[in-house]
Ligand SMILES: Cc1ncc(COP(=O)(O)O)c(C=O)c1O
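In the numbering used here, the protein residues as written are 8 to 422.
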């Protein structure tokens with residue numbers, strides 16, 4: 008038998024049925040009109056924002072990284088609760104524009120921005136986090152053509168990385184950002200061009216559960232920003248200190264001590280270089296804000312035994328939830344937090360492997376886990392699914408129907 012990840016404590020059950028935002032999974036399936044579906048409880052997301060605000064120094068602004076979950080109701084929710092939004096494509100920019108976001112607090116990072124993407128960002132007034140010198144040259148040209156002063160920040164590829172992160176995005180040769188030693192020359196050029204230089208974006212990694220490592224990278228980012236500003240001879244309006252706050256997915260993961268990060272960041276900010284005195288500091292987070300608010304729910308279609316091993320075959324799988332199948336940037340395949348959502352709290356009586364309908368051995372939602380007696384028609388719930396779920400999955404693979412998405416906020420359901 009293999010362990011499962013920790014089920015977030017915010018979820019409750021009523022008479023053995025999992026509830027999400029106070030609504031039972033059966034009622035949610037009815038509202039969605041089908042299974043599988045993702046359900047996002049926005050109250051959980053709100054509590055994460057509150058926790059962040061309470062833990063972090065006041066000078067720190069919070070941005071939501073839309074790539075984690077681009078559902079319009081999720082975007083609108085974070086638009087009202089956070090101080091800005093971070094984009095990774097023109098598609099995301101269009102989404103937040105259509106949601107009515109204030110473009111003065113929208114930024115766009117990511118290598119390989121097309122001219123049309125630069126044009127859209129500049130015409131909307133979003134800040135471009137430039138990833139290279141040539142991208143900068145194209146942005147300046149497009150700004151001139153449009154007759155708009157572009158808002159430009161430079162993404163820095165720092166010499167350090169976020170230690171222990173699931174995905175490292177700094178330290179050494181990287182496709183992200185401009186190597187730190189080349190940043191002063193580029194910023195000097197931006198300032199000379201008359202563009203609106205916004206500052207630095209220093210993003211060194213994602214999915215870390217190590218508070219000290221995150222605090223260390225923030226401290227290093229502050230020192231680097233000050234050093235670059237001194238070399239340039241001008242103070243940055245803003246410094247994005249990155250993010251990387253992780254959530255527990257598997258049995259060995261422990262929740263991140265966000266309060267410890269806040270304490271260390273507070274000390275580091277108090278001691279910051281004078282050149283950063285009036286700078287606005289930003290932390291951009293995706294999964295920590297929305298990851299634990301989401302549950303993926305599938306229905307059991309078949310119960311079969313092969314060579315003594317029980318398989319529960321569901322109507323959902325890796326085509327909707329690549330990460331839970333262990334195929335989205337995981338080194339080791341470990342079980343996500345999973346439960347039989349229609350038999351919560353029942354005694355575990357057998358072990359099962361939960362799979363999807365795809366003809367590939369990769370299509371597993373959980374391997375060899377202890378479960379209560381589960382039958383055809385029961386619901387399987389995969390927790391910690393609010394970030395990098397549907398939008399990070401190969402939804403066209405084998406042409407099965409796409410999963411529904413439901414947003415629950417204080418008992419109110421939005422499809
Ligand atoms: C530049 C940038 N910002 C934000 C994020 C969001 O990371 P997370 O959802 O882990 O907070 C990522 C993740 O890859 C990123 O590359």
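Glycine is no exception: its CB is placed at the ideal position from the N, C-alpha and C atoms.
- Residue state for residue 84 is assigned as helix, using DSSP reduced to three classes.
- Annotation for residue 150: the continuous alpha helix (DSSP H) segment containing it runs 140 to 153.
- For residue 25, the uninterrupted beta strand (DSSP E) segment begins and ends at 24 to 27.
- The shortest C-alpha to C-alpha distance from residue 56 to any of 68, 47, 45 and 46 is the one to 68.
- Taken through DSSP and simplified to helix, strand or coil, residue 104 comes out as helix.
- Between the stretch 303 to 310 and the stretch 250 to 266, the count of C-beta pairs closer than 8 angstroms stays below three; the two stretches do not touch.
- Runs of the alpha helix (DSSP H) lying entirely within the stretch 182 to 226, each at least 4 residues long, are 190 to 200 in chain order.
- By the neighbour-count criterion, in which 16 or more other beta carbons inside 10 Å mark a residue as buried, residue 28 falls on the buried side.
- DSSP places residue 110 in the helix class (H, G or I) of the three-state scheme.
- A distance below 8 angstroms between beta-carbons, with the five flanking residues on each side excluded, links residue 289 to the following residues of its chain, in chain order: 67, 68, 69, 70, 90, 91, 245, 246, 247 and 248.
- Taking the Cβ of residue 400 as the reference point, every heavy atom of ligand 1 lies at 8 angstroms or farther away.
- Excluding its 5 nearest sequence neighbours in each direction, residue 395 has C-beta neighbours in its own chain below 7 angstroms: 75, 294, 330 and 335, listed in chain order.
- Rounded to the nearest whole angstrom, the C-alpha separation of residue 265 and residue 332 is 28 angstroms.
- Residues of the same chain with a CB within less than 8 angstroms of the CB of residue 181, apart from the 5 flanking positions on each side, are 164 in chain order.
- For residue 53, the uninterrupted alpha helix (DSSP H) segment begins and ends at 49 to 62.
- Counting along the chain, the unbroken beta strand (DSSP E) around residue 291 starts and ends at 287 to 292.
- Secondary structure at residue 380: coil, using DSSP grouped into helix, strand and coil.
- Of all C-beta pairs linking the stretch 136 to 152 to the stretch 106 to 126, three or more are shorter than 8 angstroms, placing the two stretches in contact.
- Distance from the C-beta of residue 28 to the nearest heavy atom of ligand 1 is not below 8 angstroms.
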